[in-house]
Amino acid sequence: MVRRKKEKKRPSFGVPAGTLLMVTSTGWVASFRTVEGGMVCGRLDLPVHADPQDARDQAAANVTAVTRTVHGFDVEVTWEEPLEPWVWNARVTRVAEKGSPPEGN
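Just so it is clear: in the sequence shown, position 74 is 76 by my numbering, and no numbers are missing.
Laid out in structure tokens, this is it:
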């Protein structure tokens with residue numbers, strides 16, 4: 003019997019490029035935009051009246067943890083000024099490992 007080479011499975015969660023965070027009447031919602039063009043959406047485990055900084059911290063922790071688990075590297079989440087009241091956008095960038103050249107080289 004000939005053994006076939008196993009192909010690596012592509013991670014089900016793409017590499018995150020950005021995060022959109024907003025509060026709705028039912029709670030906080032975070033969406034992660036991926037480099038490949040996909041989007042992953044979900045609710046945060048916070049009440050509607052939670053402090054926006056707590057929501058940003060939890061959304062950043064979620065995308066960081068998932069990226070580390072699925073892709074094996076760390077990312078940094080940088081929040082921009084609010085687009086409108088109760089809506090925030092963030093850039094997600096890969097953290098360079100010590101001793102590795104900057105991206106693009």
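A virtual CB, placed ideally from N, CA and C, is assigned to each residue, including glycine. Remember, it's a predicted structure, so these values are computed and weren't measured experimentally.
query: Name the DSSP beta bridge partners of W81, please?; result: A92
query: Kindly indicate the opening and closing residues of the alpha helix (DSSP H) around R70.; result: P54 to H73
query: Compare the beta carbon distance of G16 and G40 with 7 Å and say whether it is the shorter of the two.; result: yes
query: Return the chain-ordered list of same chain residues with a C-beta closer than 8 Å to the C-beta of L85, the five sequence neighbours on each side being excluded.; result: N91
query: Pull the bridge partners of S27 from the DSSP assignment, please.; result: BP columns for S27 are empty, so no partner.
query: Is the distance from the Cβ of V65 to the Cβ of T28 below 7 Å?; result: no
query: Is G44 helix, strand or coil when you go by DSSP?; result: strand
query: Determine which residues share a DSSP beta bridge with P18 and list them.; result: T36
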